[in-house]
Each structure stands twice: as structure tokens, then as C-alpha cells.
Amino acid sequence: MVFHYKRSYRGPIEAVLLDWAGTTMDFGCLAPAVVFVEVFKRKRVPISMEEARAPMGAHKRVHIQRVTELDSVRQRWQAVHGRLPSDDDVEGMFAEFVPLQLECLSAYSELIPGTLEVVEQLRRRGIKIGSTTGYTTPMMAINLRDAARQGYKPDSTVCASDVPAGRPSPYMCLQNVINLGVSTVQACVKVDDTIPGVEEGLNAGMWTIGLAVSGNEVGLSRPDWEALPQGDKHAKRERAHSRLWQAGAHYVVDSIADIMPCIDDIEERLHRGEQP
Ligand SMILES: [Mg+2]
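The working numbering numbers the first residue of the sequence shown as 1441 and each following residue consecutively.
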């Protein structure tokens, strides 16, 4: 008889990697969305909020490029400019995007309820807090300052501009592994409100938790979300949950305030020898 023995990590969770907009701050992930809309408006090719949000999670320059690749946007661009959008157009829009984004970030930097409590509980268990973002380093300087003022200071922050490629590539997660001195990727949990953000964690070999309500998938500020009639809330929540499940997330909950039961469940699964 021939047996094959499989090696499995059975230790504790060592790090939780949190996304920024829509996960720990900026409920509804509004800051980038409004600026993408503005940048296209200036090119006389207005885009809908849905088009602006479609590639959310990517590096912001890549995000602009992806919007110009949407069929609907290409058709309207062609009608206005008599040609399709080029690489130079994308570069030009990104150059306009940067100062506009820097200017308005602080208006959207309030922490999402539950962030401080969850980070505190994770730290009490000896878990390190990493973070990844599609924002560039100068943008993150503003968010880091505003977060620190509210009491949130992750142990590591990696921006899309710090690595060879942003989401859905795993590099930002893996850079956090290095920065935090984590022993294996299976000991990490990635938390994100976007599909590319869930894919980033999966591509890094980590556990993933999708956040359906607080981020890009619902895309509403907290007051707007709370004011929705029950039926609309139910429909939007269901749609967001289903999209993040289909992206392959191990768990999907409404917001960061709800992740601790998932963390407990992952710890149990690791002890049983399960892998992400
Ligand atoms: Mg996000």
C-alpha cells in the first residue's frame, strides 16, 4: 500500500489584511467614485456611477483605463471625439485625477463603524494588522494621517504603486507578509469590499472575507443606506452578497463590524487542518 501525506498548517491566524476605502474608512467607497465621474465629465464623456465603480479596487490609473475599455464608454467617446480613447487620454485623465483625489480624500476619511473595536480584538489575540489599497502613496499619506487621528494605525500599509501590479495580483498581500514577518500565507485573512480585492487575497493563497454593504458593491453613504426602504435594502444586500460569493470569498458579511465570527471559524478550520 502506498500512502501520500499532505502537509497542513494548523497554527493560529497571524495577520489580517484590511482594505481601505469601503472596508475601514469611507462607507460606500465614495471618494474615488466621485472623482472618476468628474474626470470623464471634463472629457465631455459623462459616465454613470455604475460605470465609474465597475473596476473598483484596481490601481487608479488601471481603473481609468478599464473604464475607457467599457463598450458603452467607448461608443460615447467615439461619438464625442471622433476616435477611440488612447493611452495618452488615459495618462491625461490620471494626471487630472490625482490632484482632484488628493483634494477631496479627507472629506470621506471617516472610519467605518466597528473598525476600531475589531482591530482592538484582533490585536488582543496577537494578530497583526496589514493593509492594501488601490490608492497611491501620496493619497495614502492623507488617509493614514486621518485614520491615525481617529485611532486606527495598521502595522503595515502597501499601496498599488509600491508593487509591480495592483489587484487582482497578489503582490500587495505578499508584501504585507514580508513587512509583518508572517510565517505562511495560510495564516492570513484578507478583508475587502471589492471583487478584485477578494481575488487579490485568493491569488495570495489567503482566507478571504468579502464586505457586501459598507463598500463599492452597494455604493451608498451610511445615511443613504440607512434611509433605504427595507425592500431595496434587501435587494441590494442580496446582490452584493451573491457577487462576492461568486468571486470566491470564503465568507461574506455586511461590514467590518461583522467579521469576528468569521475569524473564529477560520481559526477552527485551521486547527482541523483545512486550508484556504
Ligand atoms: Mg475598497
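Beta carbons are placed, not taken as given, at the ideal position from N, Cα and C, and that holds for glycine.
Rounded to whole angstroms, the separation of the alpha carbons of Y1449 and G1713 is 6 Å. In chain order, the residues with a C-beta atom nearer than 7 Å to some heavy atom of ligand 1 are D1459, W1460, A1461, G1462, T1463, C1469, M1496, G1497, D1632, D1633, T1634, G1637, G1655, N1656.
By the beta-carbon neighbour count (other beta carbons within 10 angstroms, threshold 16), R1493 is buried. Looking at I1453, D1459, A1455, E1454, the one whose alpha-carbon comes closest to that of G1606 is D1459. Residue pairing from DSSP places W1647 in a beta bridge opposite V1629. Rounded to the nearest whole angstrom, the C-alpha separation of H1674 and G1659 is 14 Å.
Going by DSSP, G1570 is part of the beta strand (DSSP E) stretching over 1568–1573.
DSSP places S1448 in the coil class of the three-state scheme, outside both helix and strand. When Cβ pairs closer than 8 Å are counted between the two stretches, the region 1573–1588 is seen to touch the region 1459–1469, the count reaching three or more. Of all alpha-carbon atoms in P1608, P1610, L1562, S1601, the one lying nearest the alpha-carbon of P1594 is that of L1562. Per the Cβ contact rule, the region 1677–1691 is in contact with the region 1645–1652 (3 or more Cβ pairs under 8 Å). Setting aside the 5 residues that flank it on each side, V1692 is surrounded in the same chain by G1650, A1652, H1681, L1684, W1685, each with a C-beta closer than 6 Å to its C-beta; the list follows chain order. In this chain, the alpha helix (DSSP H) harbouring S1682 covers 1670–1686.
Annotation for T1597: the continuous beta strand (DSSP E) segment containing it runs 1596–1599.
When C-beta atoms of the region 1531–1541 are compared with those of the region 1474–1481, three or more pairs fall below 8 Å, so the two segments count as touching. In this structure, V1625 lies near M1646, with their beta-carbon atoms less than 8 Å apart. The beta-bridge partner set that DSSP reports for A1455 consists of K1568, C1628. In chain order, P1636, E1639, E1640, N1643 place their CB closer than 7 Å to the CB of P1608, counting only its own chain and leaving out the 5 sequence neighbours on each side. A direct Cα-to-Cα measurement between Q1715 and A1627 gives close to 9 Å. The Cβ-Cβ distance between E1454 and S1623 falls below 8 Å.
One thing to note: T1634 has its Cβ no nearer than 8 Å to the Cβ of G1468. Taking V1530 as the centre and dropping the five residues before and after it, the same chain places the C-beta of R1501, I1504, Q1505, T1508 closer than 8 Å to its C-beta, in chain order.
Excluding sequence positions up to five before and after E1560, its CB lies less than 7 Å from no other CB in the same chain. Counting only unbroken stretches of 4 or more residues, the alpha helix (DSSP H) elements lying wholly within the region 1461–1496 are 1470–1482, 1489–1493, in sequence order.
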